[in-house]
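What follows is a short report on a single structure.
Protein chains: 2
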Amino acid sequence: MTNASLDDLDRAILKLLKKDARLTIAEISNQLKKPESTVHFRIKKLQERGIIEKYTIIVGEPIKPRKLALVVLEIDMPIIEDFLERYIEYVTKTLSGFSEVLFVAKSGKEKIVALVGGESEESLLKFIEDNIESIPTLRNVMVFPISEIKKGDEIAGFLAEV
Amino acid sequence: MTNASLDDLDRAILKLLKKDARLTIAEISNQLKKPESTVHFRIKKLQERGIIEKYTIIVGEPIKPRKLALVVLEIDMPIIEDFLERYIEYVTKTLSGFSEVLFVAKSGKEKIVALVGGESEESLLKFIEDNIESIPTLRNVMVFPISEIKKGDEIAGFLAEV
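Here the protein sequences come in this chain order: A and B. In terms of UniProt numbering, the first sequence opens at residue 1 and continues consecutively. In terms of UniProt numbering, the second sequence opens at residue 1 and continues consecutively.
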């Protein structure tokens, strides 16, 4: 990752805001032992430079999916090759429409990766079987149920639809 | 996803805070045409119930990775089967240590999925080759470079290390 000329203070501020974006200037100033005016100026600059892009919330257990699975779909090559793009569009649009599907992206020419969430592994696999594996124009579907997150475990609460 | 007895107002508040967690009670009250006291009470309840788990920031272009790839690693089955868990631990720990690796999770007994970020597709693939494919005890590594995100495109700015 480029560091985009961030110094230690910028990083320290970003780390604090990542943990709790409600911290006030006074609290940050106090924790980092820097004047409030400095902290205020730095945050303003970080926002102007687009380094802080957005303030948001992560939702918790009661509404975030408990189980995740990664799904890799391979699109069937159409007889008329020009239709491939249309097939991809169709499948990504179908997937994006489900609130259970948290993330959808193209990979290469003919693959799509998706992150899917559900209440339990059972209901998640059923959702994938009923709503994803049944999509026409698919050649192959690989499902990787996620059993334990070691890094980035807030992903479900961040991506969950509200 | 369970709805955990959220009504339309709760959802409307969550949607607004997801878009901009800095909105004041007065601004939310104004946008939703509800009394400030009601909005205040609802947000307090959402926090107490853990439905709003955390307030955080998303970082932007200057520091977030420009290119992502999904990597699925299959661990070699050790001669002594009891060692599998140790192999998995070793690989997930190694992966988690890289700032380029944004997400790491176990999948099933012998697979690991990871989301990796980089400056360009070239540097990303080189990182994967040098630092992931070279890890011992791997039987197979599948790499899915992400070319276009259709849903959940803030994932890189959310997961990026600061």
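Glycine included, every Cβ here is placed at the ideal spot set by N, Cα and C.
Practice prompt. Sort A26(A), I75(A) and K15(A) by Cα distance to L46(A) and report the nearest one.
Written response: Residue mapping note: residue 46(A) aligns to position 46 of the first sequence, counting from 1. Ranking the options by Cα distance to L46(A), first place goes to K15(A).
Discussion item. Considering Cα atoms alone, identify which of E119(B), L95(B) and G157(B) is closest to residue 179(B).
Written reply: Since the first residue of chain B shown is 1 and the last is 162, residue 179(B) is not available in this structure.
Fill in: Beta-carbon separation (whole angstroms), A59(A) vs E48(B), contact threshold 8 Å
For this step, residue 59(A) is matched to residue 59 along the first sequence. For this step, residue 48(B) is matched to residue 48 along the second sequence. Checking the sequence shown, residue 59(A) turns out to be Val, not Ala. Distance from V59(A) to E48(B) at the Cβ level is roughly 14 Å; contact not present, criterion being Cβ atoms closer than 8 Å.
Discussion item. Less than 8 Å between C-beta atoms, sequence neighbours within five positions excluded: which residues of the same chain meet that for A160(B)?
Written reply: To locate residue 160(B), count along the second sequence from 1; it is residue 160. Counting only residues of its own chain and dropping the five nearest sequence neighbours on each side, A160(B) has a CB closer than 8 Å to the CB of V59, I63, K64, P65, L102 and G117.
Discussion item. DSSP three-state label for L159(B), please.
Written reply: Translated into positions along the second sequence, residue 159(B) becomes position 159. In this structure, L159(B) counts as helix in the three-state DSSP scheme.
Worksheet item: the region 96-109 of chain B: which residues have C-beta closer than 8 Å to a C-beta of chain A, in chain order?
Response: Along the region 96-109 of chain B, going in chain order, the ones with a CB nearer than 8 Å to a CB of chain A are S96, S99, E100, V101, L102, F103, V104, A105, K106, S107 and G108.
Item to complete: Evaluate D7(A) with the Cβ neighbour count: other Cβ atoms within 10 Å of its Cβ, from every protein chain shown; 16 or more gives buried, anything less gives exposed.
Response: One-based indexing of the first sequence puts residue 7(A) at position 7. Sixteen is the threshold: since fewer than 16 other Cβ atoms of the shown chains lie within 10 Å of the Cβ of D7(A), the residue is exposed.
Worksheet item: Which of the three DSSP states, helix, strand or coil, is assigned to I132(A)?
Response: Here the question's residue 132(A) lines up with position 132 in the first sequence. Annotated three-state conformation of I132(A) is helix, per DSSP.
Worksheet item: Interface residues of chain B around L6(A) at Cβ under 9 Å?
Response: Looking up residue 6(A) in the first sequence gives position 6. In chain order: P62, I63 and V162.
Fill in: Continuous alpha helix (DSSP H) stretch holding I43(A): start and end
For this step, residue 43(A) is matched to residue 43 along the first sequence. E36 to E48 is the span of the alpha helix (DSSP H), which, as asked, contains I43(A).
Worksheet item: How about V141(A) and V39(A): are their beta carbons less than 8 Å apart?
Response: Here the question's residue 141(A) lines up with position 141 in the first sequence. Here the question's residue 39(A) lines up with position 39 in the first sequence. No, Cβ-Cβ distance for V141(A) and V39(A) is not below 8 Å.
Discussion item. In whole angstroms, give me the CA-to-CA distance for A156(B) and R22(A).
Written reply: One-based indexing of the second sequence puts residue 156(B) at position 156. One-based indexing of the first sequence puts residue 22(A) at position 22. Their backbone Cα atoms lie some 22 Å apart in a straight line.
Fill in: Straight-line Cα distance separating I57(B) from Y55(A)
Counting from 1 along the first sequence, the entry for residue 55(A) is found at position 55. Counting from 1 along the second sequence, the entry for residue 57(B) is found at position 57. Linking Y55(A) to I57(B) through their CA atoms gives a straight-line distance of about 4 Å.
Worksheet item: Should D20(A) be labelled buried (16 or more other beta-carbon atoms within 10 Å of its own) or exposed?
Response: Reading the first sequence from its first residue, position 20 is the one you call residue 20(A). So D20(A) ends up on the exposed side.
Fill in: Cβ of F127(A) within 8 Å of any chain B Cβ
Along the first sequence, one-based indexing puts residue 127(A) at 127. Interface residue (Cβ-Cβ distance to chain B less than 8 Å): F127(A) is not classified as such.
Worksheet item: Just to confirm, are K111(B) and E74(B) a CB contact at a threshold of 8 Å?
Response: For the purposes of this step, residue 111(B) is taken as the residue at position 111 of the second sequence. For the purposes of this step, residue 74(B) is taken as the residue at position 74 of the second sequence. The answer is yes: Cβ separation under 8 Å.
Worksheet item: Looking at chain A, which residues of the region 128-148 of chain B have a Cβ within less than 7 Å of any of its Cβ atoms?
Response: Under the 7 Å Cβ criterion, the region 128-148 of chain B contributes F144, P145, I146, S147 and E148.
Item to complete: Would you mind stating whether K150(B) and V104(A) have Cβ atoms separated by less than 8 Å?
Response: Taking the second sequence and counting its residues from 1, one reaches residue 150(B) at position 150. Taking the first sequence and counting its residues from 1, one reaches residue 104(A) at position 104. Result yes, Cβ atoms of K150(B) and V104(A) sit closer than 8 Å.
Practice prompt. Report yes if the C-beta distance between D76(A) and R139(A) is below 8 Å; otherwise report no.
Written response: Position 76 of the first sequence, counted from the start, is the residue given in the question as residue 76(A). Position 139 of the first sequence, counted from the start, is the residue given in the question as residue 139(A). Yes, Cβ-Cβ distance for D76(A) and R139(A) is below 8 Å.
Worksheet item: Taking a cut of 9 Å between CB atoms, which residues from the region 72-85 of chain A lie near chain B?
Response: Against chain B - using a Cβ distance shorter than 9 Å - the residues of the region 72-85 of chain A are V72.
Discussion item. Mapping the DSSP letters down to three states, classify K109(A) as helix, strand or coil.
Written reply: To locate residue 109(A), count along the first sequence from 1; it is residue 109. If DSSP states are grouped into helix, strand and coil, K109(A) belongs with coil.
Worksheet item: Got a sec, what are the start and stop residues for the beta strand (DSSP E) S99(A) sits in?
Response: Locating residue 99(A) in the first sequence gives position 99, counting from the first residue. Taken as a continuous stretch (DSSP letters only), S99(A) belongs to no beta strand (DSSP E), as it is neither H nor E.
Practice prompt. Would you kindly check if the distance between the Cβ of S147(A) and the Cβ of K106(B) is under 8 Å?
Written response: For the purposes of this step, residue 106(B) is taken as residue 106 along the second sequence, with counting starting at 1. For the purposes of this step, residue 147(A) is taken as residue 147 along the first sequence, with counting starting at 1. Yes, these two residues count as a Cβ contact at 8 Å.
Practice prompt. To the nearest angstrom, report how far apart V113(B) and Y90(A) are at their CA atoms.
Written response: On the second sequence, residue 113(B) is found 113 positions in, with the first residue counted as 1. On the first sequence, residue 90(A) is found 90 positions in, with the first residue counted as 1. The straight-line gap from Cα to Cα measures roughly 26 Å.
Practice prompt. In the DSSP assignment, find the unbroken alpha helix (DSSP H) run with E122(B) in it and report its ends.
Written response: As a working note, residue 122(B) is residue 122 in the second sequence. Element bounds for E122(B): E121 to F127.
Worksheet entry | Per-residue DSSP class, three states only, for A12(A) | Position 12 of the first sequence, counting from 1, holds the residue named residue 12(A). In this structure, A12(A) counts as helix in the three-state DSSP scheme.
Worksheet entry | Closer than 8 Å to chain A by CB, K34(B) | Residue 34(B) sits at position 34 when you count from the first residue of the second sequence. K34(B) does not count as touching chain A.
Discussion item. 8 Å is my cut-off, CB to CB: does K44(A) come that close to chain B?
Written reply: Within the first sequence, the letter at position 44 stands for residue 44(A). Chain B contact via Cβ: absent.
Fill in: Neighbour flag for M1(A) against chain B, beta carbons, 8 Å
Here residue 1(A) refers to the residue found at position 1 when the first sequence is read from its first residue. With a pLDDT of only 45 at M1(A), under 50, the local geometry of the prediction cannot be trusted, and no value is derived from it.
Item to complete: Can you say whether P78(A) is buried or exposed, counting buried as having 16 or more other CB atoms within 10 angstroms of its CB?
Response: Numbered from its first residue, the first sequence carries residue 78(A) at position 78. With fewer than 16 other Cβ atoms within 10 Å, it is exposed.
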